[in-house]
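Enquirer:
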Ligand code: KPL
């Protein structure tokens, strides 16, 4: 998609937090001439390096008109609630995280002219002490989630294309979220439980469990009205295992660093949706329980 730079400069962007994907987006936007500010728990000026260039981010100053919210699924509700009093009447919010379930929580909180978007990305980024590395060149899918978002489509689309493009704009994010959910439901908990690289899951001993998890996800997606083709998804999952073979998944990293994981928005979302449709999902249920136990072991 060709970026519309005049429209993107019409919005002044704030990025929430200092996670790797957020900083990657912030650096790319700022280098393209769109000044970005950071919304941090403790407001601060952040100096960092990106592609051998020094970049400085000033703390965000409300009112905020365009906010990229790349926080973990479990932090979305609290983050948006904190942002609400600081947003302009027609602010645009872009959510981006693994898992599902946040959109329906956030939509009712916004005023009629405030737009909500979701962006799902395959870019990889790694944060180091005072720099961010673009470790995997991916792409992103962006969707407006309400009519107030559609009213600002050009400006938000152009900015997100600069930040995390190449971008596909879609009217319906749900099929993309279900596909990503299927990939994360397999790779994330297995790599976290076995404390391994994504590539390890290509070993024969994991194949039966991968098929069982995916089979359940496909059943639940179908019951929710989104057909996921089992064979196609299995191929996609194997492609991601191959293409990210030497990477650790985000959930493996969360467990490794004793942080809370996104298990409730990934396998937990499957379990909750299955219950609504009276479906049994023993494999996803067991993974959710195992991960919750691991987290509880270190008090998360
Ligand atoms: O999204 C990911 C994650 O780690 O959260 C995958 C696709 C599994 C890549 O590691």
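Numbering (the numbering used here), first residue to last: 2 to 301.
Just so it is clear, CB atoms sit at the ideal spot from N, CA and C, and this is done for glycine as well.
1. What are the partner residues of residue 125, as DSSP defines its beta bridges?
2. Under 6 Å from any heavy atom of the ligand KPL, does the C-beta of residue 211 make it?
3. Using the beta carbon as the reference atom, which residues fall closer than 6 Å to any heavy atom of the ligand KPL, ordered along the chain?
4. What does the Cβ neighbour count give for residue 284, buried or exposed, with the cut at 16 atoms within 10 Å?
5. Among residues of its own chain, excluding the 5 on either side of residue 103, which ones have a beta-carbon nearer than 8 Å to its beta-carbon?
6. Whose CA, out of 249, 197, 12, lies closest to the CA of residue 67?
7. Go ahead and label residue 108 buried or exposed: buried means 16 or more other beta carbons lie within 10 angstroms of its beta carbon, across all protein chains shown.
8. Kindly indicate which residue of 184, 183, 182, 154 has the alpha-carbon position closest to the one of residue 171.
9. Can you name the residues that DSSP bridges to residue 95?
10. Starting from the C-beta of residue 28, find all residues in its chain whose C-beta is less than 7 Å away, skip the five residues before and the five after it, and write them out in chain order.
11. Determine which residues share a DSSP beta bridge with residue 15 and list them.
12. When burial is assigned at 16 or more other CB atoms within 10 Å of the CB, is residue 278 buried or exposed?
13. Buried or exposed for residue 82, going by 16 or more other Cβ atoms inside 10 Å?
14. In the DSSP assignment, the beta strand (DSSP E) including residue 48 goes from what residue to what residue?
15. Taking 7 Å as the cut-off, decide whether the C-beta atoms of residue 40 and residue 15 are in contact.
16. Assuming residue 120 and residue 94 are in contact, meaning their beta carbons sit under 8 Å apart, how far apart are those beta carbons, in whole angstroms?
17. With a threshold of 16 other CB atoms inside 10 Å of the CB of residue 236, please say whether the residue is buried or exposed.
18. Over what stretch of residues does the alpha helix (DSSP H) that includes residue 30 continue unbroken?
19. So the candidates are 135, 141, 282; which of them puts its Cα closest to the Cα of residue 321?
20. Would you list the residues sitting across from residue 132 in a DSSP beta bridge?
21. Can you check which of these residues, 281, 23, 275, 258, is closest to residue 126 by C-alpha distance?
22. Quick one: what does DSSP say residue 106 is sitting in, helix, strand or coil?
23. Starting from the Cα of residue 139, find the closest Cα among 131, 162, 294 and give me that residue.
24. Compare the C-alpha of residue 186 against each of 238, 300, 301 and name the closest.
25. Using a Cβ distance threshold of 8 Å, determine whether the region 197-217 contacts the region 245-264, with at least three qualifying pairs required.
26. Can you look up residue 249 in the DSSP assignment and give me helix, strand or coil?
27. Taking all protein chains shown into account, do 16 or more other C-beta atoms lie within 10 angstroms of the C-beta of residue 300, making it buried, or fewer, making it exposed?
Expert: Looking at the coordinates:
1. For the purposes of this step, residue 125 is taken as the residue at position 124 of the chain shown. Partner(s): 137.
2. On the chain shown, residue 211 is found 210 positions in, with the first residue counted as 1. No - the ligand KPL has no heavy atom lying nearer than 6 Å to the Cβ of residue 211.
3. With the cut-off at 6 Å, the residues found are 99, 184, 185, 188, 189, 199, 241, 245, 248, 250, 251.
4. One-based indexing of the chain shown puts residue 284 at position 283. Residue 284 is classed as buried because its beta carbon has at least 16 other beta carbons within 10 Å across all chains shown.
5. Locating residue 103 in the chain shown gives position 102, counting from the first residue. Once the five neighbours on either side are set aside, the close Cβ partners of residue 103 are 74, 77, 78, 96, 266.
6. Indexing the chain shown from 1 puts residue 67 at position 66. It is 12.
7. Translated into the one-based positions of the chain shown, residue 108 becomes position 107. When all chains shown are included, residue 108 counts as exposed.
8. On the chain shown, position 170 is the one that residue 171 refers to. Checked all of 184, 183, 182, 154; the closest Cα to residue 171 is 154.
9. As a working note, residue 95 is residue 94 in the chain shown. Per DSSP, 69, 118.
10. Residue 28 sits at position 27 when you count from the first residue of the chain shown. So the list reads 51, 56, 133, once near-sequence residues are dropped.
11. Here the question's residue 15 lines up with position 14 in the chain shown. Per DSSP, 38, 68.
12. Counted from its first residue, the chain shown places residue 278 at position 277. Residue 278 comes out exposed.
13. On the chain shown, residue 82 is found 81 positions in, with the first residue counted as 1. Under this definition residue 82 is an exposed residue.
14. Numbered from its first residue, the chain shown carries residue 48 at position 47. Per DSSP, residue 48 belongs to the beta strand (DSSP E) from 47-51.
15. Against the chain shown, residue 40 aligns to sequence position 39. Against the chain shown, residue 15 aligns to sequence position 14. Their beta carbons are under 7 Å apart, which means residue 40 touches residue 15 by this criterion.
16. The sequence position of residue 120 within the chain shown is 119, counting from 1. The sequence position of residue 94 within the chain shown is 93, counting from 1. Residue 120 to residue 94, Cβ: 11 Å. No contact.
17. Here residue 236 corresponds to residue number 235 of the chain shown, with the count starting at 1. Exposed, because fewer than 16 other Cβ atoms sit within 10 Å of the Cβ of residue 236.
18. One-based indexing of the chain shown puts residue 30 at position 29. Counting along the chain, the unbroken alpha helix (DSSP H) around residue 30 starts and ends at 21-32.
19. In the structure displayed, the chain extends from 2 to 301; residue 321 sits before or after that span and is not available.
20. Locating residue 132 in the chain shown gives position 131, where the first residue counts as 1. Its beta-bridge partners are 50, 129.
21. The count along the chain shown starts at 1 and reaches residue 126 at position 125. A check of alpha carbon separations from residue 126 across 281, 23, 275, 258 identifies 23 as the nearest.
22. The residue labelled residue 106 in the question sits at position 105 within the chain shown. It is helical.
23. Position 138 of the chain shown, counting from 1, holds the residue named residue 139. Of the listed residues, the one whose Cα sits closest to residue 139 is 162.
24. Numbered from 1 along the chain shown, position 185 holds the residue referred to as residue 186. Closest option to residue 186, Cα to Cα, is 238.
25. Cβ pair count under 8 Å is three or more, so yes.
26. Here the question's residue 249 lines up with position 248 in the chain shown. Of the three classes helix, strand and coil, the one that applies to residue 249 here is coil, per DSSP.
27. Counted from its first residue, the chain shown places residue 300 at position 299. Exposed: under 16 other Cβ atoms inside 10 Å.
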